[in-house]
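Single-structure report; data block below.
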Amino acid sequence: MKNGLRTSLIPSINLSQMSEFCLVIAALGLGLKHIGGGVVGILTFVFAVTSVLSTYLIQYNKGIHLRFAPYLKRLGLTDINSQTLAAKEPELPKEIVLLGFFRETSLIFH
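Here it is, written out as structure tokens:
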């Protein structure tokens, strides 16, 4: 979508935790013999690690982005730079419509 590396990385980091529902699906797959016990073991381990790390990943997502962005640029992934942002036409101001005019709204105008 050409929104830049930050727009791509930050939501990916924030959503990296594996959910408990995955373990339920894995247990069903094990019961139906679609997957083996080793796969369920790996999924359980990944669930435990991501549930502990997700707090820190979300807290430090900007720092993680700043650390990995140069490597991703070397791989050929492009980022939005200031020239791209400056080339965009300025947006016209939008009109605001206030529905209902009571005490709170009248305070905005005063």
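Following our numbering, the numbering of the sequence shown begins with 1 at its first residue and continues without gaps. Beta carbons: idealized from backbone N, C-alpha and C, even for Gly.
Closer than 7 Å: residue i CB and nearest the ligand ADP heavy atom
i   : result
A26 : Questions concerning the ligand ADP fall outside what the structure shown contains, since it holds no ligand whatsoever.
Nearest-angstrom beta carbon gap, residue j and residue i [assumed within contact, 8 Å]
i   : j   : result
I13 : I96 : At roughly 34 Å, the Cβ-Cβ gap does not stay under 8 Å, so I13 and I96 are not in contact.
R16 : L57 : Sequence inspection shows Ser at residue 16; the Arg mentioned does not correspond to that position. S16 to L57, Cβ: 6 Å. Contact.
L53 : A26 : The pair is not a contact, with the Cβ atoms about 20 Å apart (cut-off 8 Å).
L5  : A48 : About 29 Å; that fails the 8 Å criterion.
Alpha carbon of residue i to alpha carbon of residue j, nearest angstrom
i    : j    : result
Q83  : E91  : Low local confidence applies: a pLDDT of 49 at Q83 is under 50, so the model's placement there is unreliable, with the coordinate-based value given in what follows. Near 17 Å, if we compare the C-alpha coordinates of E91 and Q83.
L72  : I80  : 13 Å
V46  : F21  : 13 Å
S19  : K94  : 40 Å
T113 : F102 : Nothing about residue 113 can be reported from this structure: the residues present for the chain run from 1 to 110 only.
T78  : V40  : 37 Å
T7   : Y60  : 15 Å
DSSP-derived helix/strand/coil call for residue i
i    : result
N3   : coil
S8   : helix
E104 : helix
I96  : coil
N14  : helix
Exercise. For the segment 19 to 88, which segments carrying the alpha helix (DSSP H) assignment without a break, of at least 4 residues, lie completely within its bounds, in sequence order?
Worked result: 20 to 31, 37 to 59, 61 to 74, 82 to 87
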